[in-house]
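*Asks:*
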RNA sequence: CAAGUAAACCGGGUGGCCGCCCCGGACUCCGGGGAGGAAAGUCCGAGCUCCACCGGGCAGGGUGCUGGGUAACGCCCAGGAGGGGUGACUCUAUGGAAAGUGCCACAGAAACAUACCGCCCCGCGUCAGCGAGGUAAGGGUGAAAUGGUGGGGUAAGAGCCCACCAGCGACUGGGUGACCGGUCGGCUGGGUAAACCCCAUCCGGAGCAAGGCCAAAUAGAGGGACAUAAGGAUGCCCGGCCUGUCCCCGGGUUGGCCGCUUGACCCUGACGGAAACGUCAGGGCUAGAUAGAUGGCCAUCGUCCUUCCGGUGAUGGAAGGAUACAGAACUCGGCUUACAGGUUUACUUGGCCU
RNA sequence: CGGGGUGUGGCGCAGCCUGGUCAGCGCGCAUGGUUUGGGACCAUGAGGUCGGAGGUUCAAAUCCUCUCACCCCGA
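Numbering (our numbering), first residue to last: -4 to 115.
As C-alpha cells, this is what we get:
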C-alpha cells in the first residue's frame, strides 16, 4: 500500500496507540490523534484472535474499501482495531460501525446533503 | 442395477461500474500480468548464503526386509514375507532374542530353571498312611508352561521309536537379492529390542530477520583475557592449519537497494524401461508484496438440495436455500492434514435379463 | 523462521520418566445425619471416550507415530 493516506510504520502505530483518544463499539475500536498535517492517515490492526489469514485479509479489505469511500476531516491519524466479532461480518454492518465511530469522534465529513443528524 | 476397491482430475463461467500491486510504453493515459491443490501444518530432504579451512576419534541423533529411481530423503516404483478381506485390493519402525543385561504384574508349584494335585515302582505298616525314587502324559493357573495330532512302547511315562505337520541345521536347485523349492539329519525348552543394547548406514552449525551494498546517526583514550598463550566449525578430545585476536559493558540507526524469482521449471512429441523415472527434439515465461497487492457492489448462467404444481414415466416449471477447505513472503522435491459438489478410467462381488 | 510447554469428572491439579496391583486428591454437586433453621462438621454416593486416530505389547493415561486445539519464548 502506497500513498500518504496510510499509516505504514510501526513507530507511527505505537505513537497513536499510546497518545490517541479511543472510541469503541461491539465490532471495532478506533484510536485517533491529531497529526498537524493537511490530510488524514489511517491504518488497521487485525489481530490473530479475529481468525485465520483468510478471515483477517477479508476484514482488512472490507475496511480499506469502506475508508476509500469515506471522506475524513483532515489532520488526523486514525487506527481501526478489529475485535474478534468482526469475523465473517457483512460489508453493510462493518460500514455502519465505521461511520458510527467516525461521527461520534467528529471526524466524518458528510458528503450528502440529505443525511442529517437524528433528533429525538 | 446395487454394493465396493484402486487410480487420475476439476474445484465455478460470462459481463458491467469503482479500486489495489508489479512490468512495459507514454507523461498521467494506454497495454500486459496478478494465489493453491493443498499457497496450510512445518514432519523430512535439498539448493542458496555465512560461519577462514582439512582430517580422525568419542558422545549424541536419524533411518532400518530386498532390488531399483532420485540432486537428496524418513519420499516414489517393483518384489519378498507376515496379517486382514469371498474378492478387486489393502496394512506393516518388517535387521538381530544361540553377544550380554533388564523386565514379564495378578494368578500359579514354577515365568527360567521348576513339581502343587497327580501317575508308577520299591521299602515299612493290620489299616489310615509314612519314607526313598522315577515321570512330566492328565488336572489346575496364566497372555504365555518346554513342539502339535495319531500310533507303538512302558511299572508309569517321555521324540524313547514311527508317520504327517511346524521349527532348526547341513547339502542342493532357482533368483541380482529379500526369499522360494527339494533331499537328508539329530529329534528341538518362551516373550519383549516402538526396554537398554548389538549390527549396518547416514548426519558440522545456523538460517533470506541468511548475507551484501548505500545513506543517515553516535562516544568509545571504558573494562577484561592472553605469550609454556588465546581464539577460530557453535557437545568433547586429538593432529594439522590460520590469525594480534577474542569476550563483556556503553552509544547510534530501525531508512533505501540488491538477494527476489529462469527453475533438479512448464507444455507437446519421440525413444529407453515392467514401473518409479531417464534421454533427446520443439515451444513457452507463468505473482513478487513489505502494516504486507490479487478486492468491493451488481446482473446473469451453471451445479446441488428442499418445498409446491403438472405428468404413467422420461422429465418440465416456480419459489427459497447452498456453492467447500483455504491466501504466496528465498526457492524447489516429498509427506501429512482440511475440503461443498462433481467428472473419468480400470477392476471385484452379488442380483436380474438375453 | 526457530525453540519449548500443556491437554485427565463442573473447576484446579497428581499419576506418565520406571506399562499391570490405579484412574486418585482438594473444591464443588446430590442424599442422609447433626441444628429450631442455616453455616460449619460427619457419613455415603454420583460423575472421567485420560484431546483425537492408529500401532507395539498378554496388557497403554503411561511407550511409538501421525494429528487437533491452546499457551509461552527468541530473532
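Note that the Cβ used here is the ideal one computed from N, Cα and C, for glycine as well. Quick caveat, the model's predicted, so the values are computed rather than measured.
Just to confirm the assignment, what range does the beta strand (DSSP E) spanning residue 16 have?
*Replies:* As a first step, residue 16 is located in the first chain; it is residue number 21 there, counting from the start. Start and end: 16 to 19.
*Asks:* Going by other Cβ atoms of all chains shown within 10 Å of its Cβ, with 16 needed for buried, is residue 6 buried or exposed?
*Replies:* Counting from 1 along the first chain, the entry for residue 6 is found at position 11. Exposed: under 16 other Cβ atoms inside 10 Å.
*Asks:* Would you be able to state if there are at least three C-beta pairs under 8 Å between the stretch 52 to 64 and the stretch 26 to 35?
*Replies:* no
*Asks:* Counting C-beta neighbours from all protein chains within 10 Å, is the total for residue 51 16 or more, i.e. buried, or is it exposed?
*Replies:* Here residue 51 refers to the residue found at position 56 when the first chain is read from its first residue. Counting Cβ neighbours within 10 Å, residue 51 comes out buried, since at least 16 surround it.
*Asks:* Return the Cβ separation of residue 37 and residue 2 in integer angstroms, given the expectation that the two are a contact with Cβ distance under 8 Å.
*Replies:* Reading the first chain from its first residue, position 42 is the one you call residue 37. Reading the first chain from its first residue, position 7 is the one you call residue 2. 6 Å between Cβ atoms; contact.
*Asks:* Using the Cα positions of residue 43 and residue 69, report the straight-line distance between them to the nearest angstrom.
*Replies:* Translated into positions along the first chain, residue 43 becomes position 48. Translated into positions along the first chain, residue 69 becomes position 74. Between residue 43 and residue 69, the C-alpha separation is close to 31 Å.
*Asks:* Kindly give me the distance between the Cβ atoms of residue 81 and residue 49, rounded to whole angstroms, as I take these residues to be in contact under 8 Å.
*Replies:* To locate residue 81, count along the first chain from 1; it is residue 86. To locate residue 49, count along the first chain from 1; it is residue 54. The beta-carbon separation of residue 81 and residue 49, rounded to 13 Å, does not stay under the 8 Å limit for a contact.
*Asks:* Between the alpha carbons of residue 78 and residue 22, how many angstroms are there, rounded?
*Replies:* For the purposes of this step, residue 78 is identified with residue 83 of the first chain, where counting begins at 1. For the purposes of this step, residue 22 is identified with residue 27 of the first chain, where counting begins at 1. Residue 78 and residue 22: Cα-Cα distance of roughly 6 Å.
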